[in-house]
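Everything below concerns the one structure shown next.
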Amino acid sequence: MKIEDIHPLKIEIDSFEIIQANLRKKVKLETSAKDQDIKFCAGVDVAYWEETGVEWGVCSIIVIDYETRTIVEKAVSKAEIHVPYRPGYLAYRELPLVIEAAKKLTITPDLFIFDGNGILHPRRMGIATHASFFLNKPTIGIAKSYFKIDGVNFKMPKNVAGSYKDIIVKNEIYGRALRTHTDVKPIFISCGNLIDLPMTTEITLKLINNESRLPIPVRLADLETKRLRKMFDSTRS
DNA sequence: GCGACAG
DNA sequence: ATCTTGTCGC
Numbered sequence: 000m001k002i003e004d005i006h007p008l009k010i011e012i013d014s015f016e017i018i019q020a021n022l023r024k025k026v027k028l029e030t031s032a033k034d035q036d037i038k039f040c041a042g043v044d045v046a047y048w049e050e051t052g053v054e055w056g057v058c059s060i061i062v063i064d065y066e067t068r069t070i071v072e073k074a075v076s077k078a079e080i081h082v083p084y085r086p087g088y089l090a091y092r093e094l095p096l097v098i099e100a101a102k103k104l105t106i107t108p109d110l111f112i113f114d115g116n117g118i119l120h121p122r123r124m125g126i127a128t129h130a131s132f133f134l135n136k137p138t139i140g141i142a143k144s145y146f147k148i149d150g151v152n153f154k155m156p157k158n159v160a161g162s163y164k165d166i167i168v169k170n171e172i173y174g175r176a177l178r179t180h181t182d183v184k185p186i187f188i189s190c191g192n193l194i195d196l197p198m199t200t201e202i203t204l205k206l207i208n209n210e211s212r213l214p215i216p217v218r219l220a221d222l223e224t225k226r227l228r229k230m231f232d233s234t235r236s
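In numbering that gives the first Met the number 0, the protein residues as written are 0 to 236.
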């Protein structure tokens, strides 16, 4: 699939929903990526700002060595944003920017971790899940706040690093409220695609350091994206 | 009209 | 997401 087929500027929102409904059938979580298969792991994030009435967005992808946790590559994309944010349609807004940055990578990551949900989503098609069909790689979704689905609320995990509570929708585990540090609010993890929930949980926890509740690649992408915004936004002090 | 609302 | 100061704590 090509980004041209889904670019928000070229399709309508209902076409987007149809595309997602078709992609959803192809999601594979059983044939999961394994920990030992991962050499390079990428974190993805997007930041926004406004300049003379125009909204801009910058996406950064940070690739690290899974074992040594050192940065091996960075990629960036920047563009005017004309699609408004709508809960449940984040991919419609930021996927084009993500794909553009991903195309610039010379290293092929074995896993992409997103700032946003995977199948923990009303249509089981959060940005991490949707993105995997362009990246053709396993993806994980990490949300900093809970996106409520079908009236299902999450339960607080015990206040111990590593503890979690499953988020169950229609008899299926969609994701987990995961505590990555004691005394720190949980994050909300879910499978994107091509990976199962136990491995998603294991990898997420393995990529946590004491600087953030978010896994290292996502944290680094978040820092980079804000640094770039400061650099590009001429109206910023 | 009111509430909900990933980023 | 972004707008924003100080402040409490390790």
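A virtual CB, placed ideally from N, CA and C, is assigned to each residue, including glycine.
Straight-line gap, residue i to residue j (C-alpha atoms, nearest Å)
i, j, result
"Pro95", "Val75", "12 Å"
"Pro185", "Ala176", "6 Å"
"Lys27", "Asn209", "32 Å"
"Asp114", "Lys157", "24 Å"
"Lys136", "Ile167", "25 Å"
"Glu223", "Glu66", "21 Å"
"Ile63", "Glu201", "17 Å"
"Glu171", "Phe146", "16 Å"
Residue i and residue j closer than 8 Å at C-beta
i, j, result
"Ile139", "Val43", "no"
"Ile70", "Ile60", "no"
"Glu11", "Val45", "no"
"Ile207", "Tyr173", "no"
"Ser189", "Arg178", "no"
Environment of residue i [buried if 16+ CB atoms lie within 10 Å]
i, result
"Lys25", "exposed"
"Tyr91", "buried"
"Thr105", "exposed"
"Lys154", "exposed"
"Glu79", "exposed"
"Pro197", "exposed"
"Ala32", "buried"
Unbroken beta strand (DSSP E) run spanning residue i, endpoints
i, result
"Glu50", "Phe39 to Glu50"
"Asp114", "Leu110 to Asp114"
"Phe142", "Correcting the residue type first, residue 142 is Ala in the shown sequence and not Phe. Where Ala142 is concerned, the enclosing beta strand (DSSP E) stretches over Thr138 to Ala142."
"Leu213", "Careful: Leu213 lies outside any beta strand (DSSP E) and carries neither H nor E."
Among the options, the one whose alpha carbon lies nearest that of residue i
i, options, result
"Ile18", "Phe133, Met155 and Leu110", "Phe133"
"Arg85", "Gly125, Met230 and Gly52", "Gly125"
Residue i, enclosing alpha helix (DSSP H) - first and last residue
i, result
"Ala90", "Leu89 to Lys102"
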